[in-house]
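For reference, the structure is listed below as C-alpha cells.
Protein chains: 2
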Amino acid sequence: MNIVLLSGGSGKRLWPLSNDAHSKQFLKLLENDQGEYESMVERVMRQLLSAQPDAGIFVSSNAAQAAALHRHIGEAELILEPERRDTFPAIALAAAYLKYRKHMGEDEVFVVCPIDVYADGRYFELLSDVERVVSSGESIIGLLGALPVYPSAKYGYILRQGNRVAGFVEKPSEAEAERVIQEGALWNCGVFALRIGYVLEHAGGYVDFDSYASLIEQYSKLPVNSFDYEVVEKEKSIGAVIYEGVWKDLGTWNTLTEEMRGNSMGDRILISDSCVNTHVLNMLDIPVIVNDICDCVVVTSHDGVLVTGKQGSSHLKPLADQIDFRPMYEQRRWGSYRVLEYVRDDLSSSLVKRIRVEAGKSISYQYHNGRSEVWVVVRGDGVRTIDGVESAVSPGSVIQIKMGQKHSISAVTELELIEVQVGAGDLVEEDIVRVYE
Amino acid sequence: MNIVLLSGGSGKRLWPLSNDAHSKQFLKLLENDQGEYESMVERVMRQLLSAQPDAGIFVSSNAAQAAALHRHIGEAELILEPERRDTFPAIALAAAYLKYRKHMGEDEVFVVCPIDVYADGRYFELLSDVERVVSSGESIIGLLGALPVYPSAKYGYILRQGNRVAGFVEKPSEAEAERVIQEGALWNCGVFALRIGYVLEHAGGYVDFDSYASLIEQYSKLPVNSFDYEVVEKEKSIGAVIYEGVWKDLGTWNTLTEEMRGNSMGDRILISDSCVNTHVLNMLDIPVIVNDICDCVVVTSHDGVLVTGKQGSSHLKPLADQIDFRPMYEQRRWGSYRVLEYVRDDLSSSLVKRIRVEAGKSISYQYHNGRSEVWVVVRGDGVRTIDGVESAVSPGSVIQIKMGQKHSISAVTELELIEVQVGAGDLVEEDIVRVYE
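In the order they appear, the protein sequences are chains A and B.
Quick note on numbering: our numbering labels position 301 of the first sequence as 301, and the sequence is numbered without any gaps.
Add 1000 to the 1-based position in the second sequence for our numbering, that's all there is to it.
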C-alpha cells in the first residue's frame, strides 16, 4: 500500500508556534506510553509503521517545512510542492510523483491522510480497508469516517446510506449536526483512497504534462482549491469505512493542550498554585510567571506572546492574521537560525541572528546586494571562505563580509555564530545571491 | 523647606518591570491633565514643584538608579547610597549630606517623603504643615496620615489622640483595621519631618563620623532596618497632620493599572473585544495577542513575561523571588544597553547586547580579563580608542577587542552598537577594569 501524508498549512490558529517552519506538528508536546515526549508527526509515523509495516510512505509538503520534516519522518520520501497552493494541487503532484518517479501504474491505489491527525492505532489499520474500497472496484473514491461523539459545529460530515456516501455537510449548526448524526452521518477524517490515473485525469483538465518535472513547472496553473471541493463532492461513486475511536483535531490551543499530560513545556516557567486548568509553553529563554488565572493558555516564542482563554482559542485566526512579521526562527538544510533583534530604518537597519550550522554542513556560497555582514564565531570550529580564500575559524573569530563579497562557512564541529547585518531599509531573507562555481 | 524623596526598592511586586534600573517609578504609565504620559517620578516632581516652589529637593537613591533618575528629576540633587540597605541608613545619610555638604545647622528640619506616592496636590502642600509640627517645637517627629477610606489589611496605621500620635499598627486584620479606624486611626503615609541633629544622633549610636565621606565609608555598619522600627516607634513625641484625599500604593499590578487610562502600553499589542478589565504592557518588540480573558494583567519585558489575575497580583513577590537572572536592561551615565541573548557554557559562553551611547558621551576606557568583545556599529558616528589609538567609526565598522585590550568609544552623533562577548563560564558586568590615564 502507498500512503501520502499531507503536511500542509501554516495554521495561524496556533500562533505564535505555527509559522511555516516551526509549526505544531513538530513540537514535542505529546507523551507516549514510555513517558517520552514526541511530536504529532513522530506519533503518526510510529502508529503508521506499526499498523502498516509494509506500506510505502510519502510526505507531501513544501520547502519551508522540508528541513523540519526530515528530522521527524526518518526514511519516508518527501514530495515538495514548488509553492503552497491547496490540497487539490498537492494530491495531483503526489499522483504524478508516484507515476513518473516511482513508475507505478495508473491503476494503482494510494491513500491520502493528514499528518496532524490525533487518533488510535485502529485508525491507521483501517487505511487498508479504505484502500480496498477502491482496489476492489466497489467505488471510485474511498473515505474514512469517524463515529461522532458529540454534535460538533466545527467538523465536516459524511452523509451515508450503509457504506455508500450520499453527500457532505460542512460545519453545520449544532442542531443540524444532531439531526444528521441521527441519520448515521460520520465525521469526515480527510482520508482519501484514489487511483493514480483518476487523479491525474483531473489535473489534466488544467495542465498538459507528461513528466513530473513538467507538472512542477506548470504547478501555478493548478487551481488553489481543496481536493474535496474540486473532486470529491462531484463524484458519485464513493464508499466509506467507519472508524470508532478517538479522533481529534488538535488545531486549536484548547484541543491541543487537552492532550498534553503536563501543564507546561519549556524552561523557566513558574505557575502559581492558584492557577486552574492553565497551560504554559515557553520557547523563549526568559522566565515566564503565570499567577492566579483559570482556563488559559500562555505561549511565548520568538514570533510573539499569546495569552488566550481556552474557550476563545478557536477564534484566534483573525487576530493572528493582523500580524505581518518576518519569521524569527527557521530550520534550514544546514541547521537553523533565529533572529535576536531586527531594527528597521530607512538610513541604517540592523538585524542580529544566532546561526547554528551542523557538523559537516555548509552555508551555500553567496553574496548580498543590500547589506554587509559580520560573523562572530561563539562556539565550535569551522572553515570560512571569502572571495575564494579559505581560513580556519574558532570561538572569537570575526569574519567581515562587505556588500557584494562572496562568502560561505563550513562547520567542522557544530558551529554557532552571531551574525550582524547592517544596511538600509528592509533587511530580507530574499537578498541572497547563491554562487555556483 | 528641605525635602528628601526616597527612591528605593527594586519592588519585586511589579516584576518583570521592577528590576533596579528599570523600575515602576520611571515608566510613563500615568496620564496628566494635558493627556501626556508621565512617570510616577515626573508626576511627583511636578506636584511638588507646584505645591512647594521654594523647597530644596533632594533624592536619596543608589547608583543603579542614578542614570534613570537624572532623566526624570531635572535639577534635584541626588544623594547616593554606596550600597542598598534600608530606610534608616538612607535617611541618616541624607541628614549627613545636608549637614556636611549643604552646611545646614543641626536644628534645621527636613521632610522625608516616598518618591512613588500617588496622591493629590493637597498632599504636597501639607508637607509644610508636617515640617511645622517639628520646627514649632510641638513634637520631635512630624508625620502625615491619610484618612482611611476602607479597612485595608495591607497598610500601616497611625493611632492618635487628637494630633498626638499614640502608637502604630502594621498590617492589621480587616476587623482590627475597622476597629482602629473608628477610633480615628490614619493610614501612615511614610512621611517624616525631622531635625538633622536628631537623625545624626541616632546614626552616631552605630558609627563615629565627622564628615559625609566618613559616613559613606562606614555605611555598611549601619543596621539594615527601616526608619520606622529603628527610630519612630521608639519616639514618644510625635505629631500627625491629617490628609484627606486620594492616596494609593501603586505597588501592585492591580493598583497600578487602575490608574492607567488606556488598557495598553507599548507597541504591537492586539487585545480582542472579548477581553474584560485586562491591561497589557509590552516592552518587547515582538507582538502580543491577548484574547478572551478577564481581570488580568499581561506584562512582557526583556527580564520575563508575566500573566497574572488582578486580585492575585499582590502575591507575586514569592514567585519573582525564585528568579535569579542578570539584568537585561540598564540605563547608564552614557546611555543604555539591553541584552539580546545570553548563552552560558563552561567552554564557550556568548552574550549579545545592543548598546546606545548618547551624542557627546563616552564609555569609560576599560578592559576585561574574562572575555573578548566585538563591536559592530549599526547607527551613528563616533571615535573608538584601542590601546591608545583613535579611529573614526560609522555604520558597518567592526571593532575587535581582545581579552585585556584597553578600549573605549565616544559618540559624535547618537551611536548604536551590537556587542558580542565571547568567553567561558559566566560573563558578568563586574568584569570591567576601568583605566584612568
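Cβ atoms here follow ideal geometry from the backbone N, Cα and C, with glycine treated the same way.
None of the values given here were measured: they were computed from a predicted structure.
Local Cβ density within 10 Å of residue i, reported as buried at 16 or more and exposed below that
i        : result
A1213(B) : exposed
Q421(A)  : buried
S50(A)   : exposed
G5(A)    : Per the sequence shown, residue 5(A) should be read as Leu rather than Gly. It is buried - the Cβ of L5(A) has at least 16 other Cβ atoms within 10 Å.
Q322(A)  : exposed
V378(A)  : buried
K317(A)  : exposed
Q311(A)  : exposed
K1221(B) : exposed
P1395(B) : buried
Q234(A)  : One detail in the question is off: residue 234(A) reads as Lys in this sequence, not Gln. It is exposed - the Cβ of K234(A) has fewer than 16 other Cβ atoms within 10 Å.
A1392(B) : exposed
N277(A)  : exposed
N1438(B) : Because chain B here runs from 1001 to 1437, residue 1438(B) falls outside it and cannot be looked at.
P287(A)  : buried
S1211(B) : exposed
G1262(B) : exposed
P16(A)   : buried
V241(A)  : buried
E413(A)  : Contrary to the premise, residue 413(A) reads as Thr rather than Glu in this sequence. Result: exposed.
E373(A)  : buried
I196(A)  : buried
E1419(B) : buried
DSSP three-state assignment for residue i, whether helix, strand or coil
i        : result
K310(A)  : coil
K1406(B) : coil
A55(A)   : coil
W1334(B) : coil
P114(A)  : strand
K361(A)  : coil
Y1150(B) : coil
S264(A)  : strand
I91(A)   : helix
W1253(B) : helix
R13(A)   : helix
D381(A)  : coil
S348(A)  : strand
V469(A)  : No statement about residue 469(A) is possible, as the shown extent of chain A runs from 1 to 437 and does not include it.
E1259(B) : coil
K102(A)  : coil
L222(A)  : coil
S301(A)  : strand
L1081(B) : Looking at the sequence itself, residue 1081(B) is Glu, so the reference to Leu does not match. It is a strand residue.
K236(A)  : coil
Selection from the options that minimises the alpha carbon distance to residue i
i        : options                            : result
R354(A)  : M328(A), A90(A), I271(A)           : M328(A)
V970(B)  : E258(A), N282(A), V305(A)          : The shown model of chain B, from 1001 to 1437, leaves out residue 970(B), and the question about it has no answer.
M40(A)   : E176(A), V165(A), D249(A)          : D249(A)
G1156(B) : A1146(B), A1064(B), E1244(B)       : A1146(B)
L48(A)   : Q25(A), S7(A), D285(A), Y123(A)    : Y123(A)
V1117(B) : T1413(B), E1108(B), R1043(B)       : R1043(B)
I140(A)  : T252(A), V428(A), V232(A), E38(A)  : V232(A)
L347(A)  : L427(A), P16(A), V339(A)           : L427(A)
R332(A)  : A119(A), A67(A), C296(A), R46(A)   : A67(A)
Q1182(B) : A1166(B), G1167(B), P1151(B)       : P1151(B)
D387(A)  : W375(A), V376(A), D381(A), I401(A) : I401(A)
G142(A)  : W187(A), L127(A), K154(A), P148(A) : L127(A)
I115(A)  : E83(A), R101(A), K102(A), H72(A)   : H72(A)
E131(A)  : V383(A), L69(A), E108(A)           : E108(A)
E330(A)  : T308(A), L415(A), R179(A), Q65(A)  : Q65(A)
Check: residue i C-beta below 7 Å from any heavy atom of the ligand GTP
i        : result
I1289(B) : With respect to the ligand GTP, the structure offers nothing, as it holds no ligand at all.
Residues that residue i contacts on chain E, provided the C-beta gap is smaller than 8 Å
i        : result
D1292(B) : Of the protein chains in this structure, namely A and B, none is chain E.
Q. Per the contact definition of three or more C-beta pairs closer than 8 Å, is the stretch 121–138 of chain A in contact with the stretch 217–231 of chain A?
A. no
- Message: Check whether the stretch 401–413 of chain A and the stretch 358–376 of chain A are in contact - that is, three or more C-beta pairs closer than 8 Å.
- Response: yes
Task: Segments of 4+ residues assigned as alpha helix (DSSP H) that fall wholly inside the stretch 1162–1218 of chain B - done: 1174–1182, 1196–1204, 1212–1217
Where in the stretch 1025–1079 of chain B do unbroken runs of the beta strand (DSSP E), each at least 3 residues long, occur, reported from the N-terminal end onward?
-> 1056–1062
Within 8 Å, do at least three Cβ pairs link the stretch 160–176 of chain A to the stretch 198–209 of chain A?
no
key: Contact between the stretch 1147–1166 of chain B and the stretch 1079–1093 of chain B (3+ Cβ pairs under 8 Å)   = no
Q: Answer yes if the stretch 250–268 of chain A comes into contact with the stretch 1250–1268 of chain B, meaning at least three C-beta pairs across the two stretches below 8 Å, and no otherwise.
A: no
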